[in-house]
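Take a look at the structure:
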């Protein structure tokens, strides 16, 4: 895993703001070109999305049919929906060659519901302060 556990699960407000700004400044990568690595805030939101979407229902040719919040995260992160679904699969161990440490990280975080909710709320608050409207990134877990 390229990011430390603290960077993902205990992000400071400053780190979250910087990550949101990097996402907002990002350009869409042309098909066939390598994407930038997922930021901790993207990893977190993919983990949260796994609570409402079963990524196993979609393959490479059906990723465009994935339900929300997959599509809105793809638009916001300027990534294809298949990339969001692949990250979700990495986080639950479905992909044999997924990101190192991501399964363990997701399991650890899921076992700590208070931290899970607190970090989600901070992610959403900093998104709003970065100018990301609720129409672009709604509270898809309903944890305001």
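Numbering (our numbering), first residue to last: 538 to 681. Note that the Cβ used here is the ideal one computed from N, Cα and C, for glycine as well. Bear in mind the structure is a predicted one, so any value in this text is a computation, not a measurement.
Report buried or exposed for residue 599, applying the criterion of at least 16 other Cβ atoms within 10 angstroms of its Cβ. exposed
Alpha carbons only, please: which of 554, 596 and 642 is nearest the one belonging to residue 623? 596
Would you check if the distance between the CB atom of residue 640 and the CB atom of residue 578 is smaller than 8 angstroms? no
Using the C-alpha atoms, what's the distance from residue 655 back to residue 558? 21 angstroms
Use the C-beta contact count for residue 627: other C-beta atoms within 10 angstroms, 16 or more gives buried, fewer gives exposed. buried
Rounded C-alpha distance that separates residue 594 from residue 584: 16 angstroms
Can you tell me where the alpha helix (DSSP H) holding residue 587 begins and where it ends? First-last for residue 587: undefined, no H or E at that position.
In whole angstroms, what is the alpha-carbon distance linking residue 602 and residue 668? 28 angstroms
Using a threshold of 8 angstroms, state whether the C-beta atoms of residue 674 and residue 657 are closer than that. no
What distance in whole Å lies between the Cβ atoms of residue 645 and residue 563, which are believed to be in contact at a cut-off of 8 angstroms? Their Cβ separation, rounded to whole angstroms, is 28 angstroms, which puts residue 563 and residue 645 out of contact at 8 angstroms.
List the endpoints of the continuous alpha helix (DSSP H) containing residue 595. No alpha helix (DSSP H) contains residue 595, which DSSP labels as neither H nor E.
First and last residue of the uninterrupted alpha helix (DSSP H) at residue 574: That residue, residue 574, is in no alpha helix (DSSP H); it is neither H nor E in DSSP.
Which value, in whole angstroms, describes the spacing of the CA atoms of residue 576 and residue 549? 14 angstroms
Note the first and the last residue of the continuous alpha helix (DSSP H) segment covering residue 550. 550-562
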